[in-house]
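> Dropping a structure here in structure tokens format, bear with me for questions.
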Amino acid sequence: MDFPPNQGLDQDEVDEHVEETLEANEVVLFMKGTELMPQCGYSRNALGLISEHREEFETVDVLDSLAEYRAALEEHSGWETIPQTYVDGEFVGGSDILSELEERGELAETLNAA
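Encoded structure:
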């Protein structure tokens with residue numbers, strides 16, 4: 001069996017997907033990989049921190065169209081690094097910010113503000 005490589009999405013499709021995902025979900029994690037198979041340590045860390053405080057949240061695997069997701073997310077956050085966490089459509093931060101919020105005891109409140 002032959003599996004062709006993923007073609008990815010064009011910039012307009014990614015921009016639309018980001019907008020729709022942010023509007024439809026209280027908490028969204030844009031990450032490298034999936035919930036079952038995070039593909040970088042920062043994404044794994046962010047996923048673990050969010051999972052400690054929320055049962056329901058959306059994840060988006062950006063790897064198939066990484067450059068396009070970086071560009072789309074930078075429009076919202078001013079950051080091009082992945083992972084990125086959003087609550088009620090507002091940028092919260094990456095793995096490092098989530099870790100800092102957890103250390104200060106503020107992450108649960110931030111994630112449940114939705």
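In this note's numbering, the protein residues as written are 1 to 114. Virtual Cβ for every residue (Gly too), placed ideally from N, Cα, C.
Residue 11 bridges to which residues according to DSSP?
Per DSSP, none; premise fails for residue 11.
> For a test of the three-state rule: what should DSSP assign to residue 193, helix, strand or coil?
This structure does not reach residue 193, given that the chain is present from 1 up to 114, and the question cannot be answered.
> Please name the residue in 60, 40 and 35 whose C-alpha comes closest to that of residue 51.
A check of alpha carbon separations from residue 51 across 60, 40 and 35 identifies 35 as the nearest.
> Between which two residues does the alpha helix (DSSP H) containing residue 52 stretch?
41 to 53
> Please classify residue 58: does DSSP put it in a helix, a strand, or coil?
The DSSP-derived three-state label of residue 58 is strand.
> Quick one: is residue 37 buried, meaning 16 or more other Cβ sit within 10 Å of its Cβ, or exposed?
exposed
> Which term fits residue 108, buried or exposed, when burial requires 16 or more other beta carbons within 10 angstroms of its beta carbon?
exposed
> Verify whether the separation of the beta carbon atoms of residue 23 and residue 87 is less than 8 Å.
no
> Taking the alpha-carbon positions, what's the residue 14 to residue 68 distance?
6 Å
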